[in-house]
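Notes follow once the structure below has been shown.
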Amino acid sequence: MPASAIEEVVLEKESLNLNRLSDIYYGNVEDNRDINPVFKLFSEKGIEFENSKINSIKADFFYSGQLNYLYSPHTQQYFKHDFENVEPTVIINFNDNKSKAVFNINFTRHIPGHSNWFTQRISQIYVSHKITENQTITFGQAKRLPSTIDGSLGLLELDTVMRSQIGRTLGNVRSMGIRNTGKYKYLDYDIGVYDSTRYMKHFGNGVDFTGHISLKPLAGFESEVLNNVVLGAGYNIGQNNISYNMYSLFAGYNYDKVHFKIEYANADGYNALVESQNKADGFYSELSYDIHPKITLVTRYDFFNYDKNYTGNRIKEYTAGITYKPFKNMKLMLNYVRRDCDNTSDSNMILFATRFFI
C-alpha cells in the first residue's frame with residue numbers, strides 16, 4: 001500500500017503511519033482496545049467474547065498475483081497476468097484454548113473438470129483440537145496434503161515463484177479427511193486418512209492415505225551448525241478412478257543465512273489436480289541465501305520425467321531469483337526460469353509475484 005493511501009487511513013481518534021498500520025495488520029498490537037471492530041477482526045486476538053463458548057473470531061486475508069513473460073525461439077512471446085489467490089479466512093477460537101474452526105476460500109481457483117463453482121474454491125473447512133501440547137487432530141479439509149514437502153508448503157513459505165515440478169504435479173492439493181500432526185524435539189509427523197477426491201470434486205471413489213515423517217537427528221546438539229538438519233519421507237496411496245502409489249524423500253538444512261533442501265519423488269500413478277496412471281519421478285535441489293534480513297537470493301535445479309515408460313519425456317528447469325520482504329508477511333519475488341524439454345521447444349520465463357497476508 002503506498003504511503004499516500006496509508007496516510008488516509010484513519011482509525012478511531014488517531015491517524016496511523018506505515019509502521020503502526022503494519023503492526024495492526026501483522027498482529028503486533030497487544031492492546032487493541034482503541035482499534036475499531038474492522039481492524040480488531042484482523043488483529044492478533046480478533047474480536048473477543050465474554051461468557052461464551054467462543055473465545056474469539058478473527059479474519060485473515062491472503063493475496064497472490066503473478067505476471068509472467070515467456071519467450072521461446074519457436075513460439076510467440078507473450079505476457080500473462082494471473083490473480084492466483086484472493087483468499088479471505090475466518091477463524092473461530094473456542095474457550096478451551098485447544099479447539100478452533102477455520103473456513104477459507106480462494107475466489108480465483110479453477111479446477112479443470114470440477115462442476116461446482118463453490119466447492120472447488122474452498123481451501124479449508126475444518127475443526128481441529130489440540131490433544132496434547134505436541135499433538136493436534138483435524139477433521140475436514142485443511143492444509144495441503146504432505147505427499148511432498150514442496151507441494152505442502154504455503155505460497156508465503158516458498159522461496160521461488162513456482163513450486164518444483166514434483167510439488168506442483170504430484171502435490172499441492174487438499175482433501176476431506178482426518179489427520180493427526182505431531183511436533184517433537186526429534187520428530188515431526190503429519191499422517192491422515194482422506195476421501196480420495198480433491199477439493200470435494202466428488203465423493204465415494206476411494207480412500208487415500210497420506211503421511212510424512214521428518215526426523216531431526218542432531219536436534220540434541222547445542223550447536224546451531226548441527227541441530228538444523230532435517231531428513232524426511234512421505235507416502236501416498238489410494239484409489240480415485242485409478243490406483244496410485246507414491247513416495248518421497250527429503251533432506252534439508254538451515255543455518256543462519258543459508259537454506260538448502262533436496263527432495264525426490266517416485267510415483268506409480270498419482271492423484272493430484274490431474275489423475276494419471278503414468279510412472280513418473282523427479283527431484284529438485286534448492287539453495288537460498290539471505291544477503292539482508294529482507295532480501296534473499298535463490299537458485300534451483302529441477303528435473304522431472306512425467307512418463308518413465310517412454311523416452312523423451314524429461315523436463316529440466318533452472319531457476320534463479322531474488323525475493324524482497326518489505327514487511328513480515330509480504331513478499332515481492334522475481335525469478336528467471338530456463339526450461340529444457342525433450343519433446344517440445346525449450347523456453348525462457350521471467351516471473352514476478354506479489355504475495356501478502358494480513
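The sequence shown begins at 1 in this note's numbering and counts up one residue at a time. Just so it is clear, CB atoms sit at the ideal spot from N, CA and C, and this is done for glycine as well.
For residue i, the nearest candidate out of the options (CA to CA)
i	options	result
K143	M246, N172, Q77	N172
Q277	N240, I92, F327	N240
F39	A59, N271, D346	A59
S99	N68, A251, H114, F139	F139
E87	I105, K80, T311	I105
S196	F118, K279, Q141	Q141
G321	F118, N335, Y310, N236	N335
N271	T169, A353, R355, Y184	T169
L273	I131, L332, L145, G232	L145
F327	S214, F83, F357	F357
V225	I131, G232, R355, N254	N254
K279	E286, R300, N309, K261	N309
V193	H212, E286, N348	H212
T354	I91, F118, L158, L153	L158
Length of the line joining the Cα atoms of residue i and residue j
i	j	result
E263	P293	26 Å
Y324	G151	22 Å
P112	D290	38 Å
L229	H259	Note on identity: in this sequence residue 229 is Val, with Leu being the wrong assignment. One C-alpha to the other measures close to 10 Å.
D256	S288	11 Å
L70	I137	43 Å
F209	H129	21 Å
T160	S64	13 Å
N95	I54	5 Å
T89	V207	28 Å
S123	N85	11 Å
G252	H114	36 Å
I350	E275	29 Å
D346	S72	6 Å
T311	N343	9 Å
L332	F107	21 Å
K13	N51	Confidence is the limiting factor: at K13 the pLDDT is only 31, short of 50, which leaves the residue's position unreliable and the question unanswerable from this model.
F250	F42	35 Å
N180	G232	17 Å
H202	L153	25 Å
T319	I91	36 Å
Sequence-distant residues of the same chain with beta carbon closer than 7 Å to residue i, five excluded per side
i	result
S243	G269
R109	Q120, R121
S56	K45, G46, I47, E48, F49, N93
C341	I315
I131	I137
I191	R179, N180, G211
K80	N68
S116	Note on residue identity: the sequence assigns Asn, not Ser, to residue 116. Here the set comprises nothing.
Check whether residue i and residue j have beta carbons under 9 Å apart
i	j	result
M162	V298	no
S223	Y199	no
L187	F62	no
T148	G177	no
Y78	V102	no
G234	S248	yes
G204	N134	no
D82	N97	no
K261	K216	no
Own chain partners of residue i with C-beta closer than 6 Å, once the 5 adjacent residues on each side are dropped
i	result
D281	N266, N305
D302	S164, Q165, Y284, E317
N227	L218, A219, F221
I295	Y324
N236	S147, T210, M246
F352	L67, L334
S214	D188, V230, G232
E286	K261, R300
Residue span of the beta strand (DSSP E) that contains residue i, given as start and end
i	result
L249	242-255
L297	295-305
T317	A quick correction: the sequence has Glu, not Thr, at residue 317. First-last of the beta strand (DSSP E) with E317: 314-324.
H129	122-130
H114	Element bounds for H114: n/a, residue is neither H nor E.
E275	275-292
T197	It is not in any beta strand (DSSP E) - T197 carries neither H nor E in the DSSP assignment.
D60	54-72
L158	From DSSP, L158 is part of no beta strand (DSSP E); its letter is neither H nor E.
S223	It is not in any beta strand (DSSP E) - S223 carries neither H nor E in the DSSP assignment.
Any non-hydrogen atom of the ligand MN closer than 8 Å to residue i Cβ
i	result
N348	Ligands in the displayed structure: none, and consequently the ligand MN is not present.
Delimiting residues of the alpha helix (DSSP H) encompassing residue i
i	result
S152	149-152
T169	165-170
Beta-carbon proximity list for residue i, same chain, < 8 Å, skipping 5 on both sides
i	result
N313	N305, Y306, D307, D342, N343
N348	L70, Y71, S72, Y336, V337, R338, R339
Any C-beta of chain C under 9 Å from that of residue i
i	result
G234	Absent from the structure is chain C; it holds one protein chain and no more.
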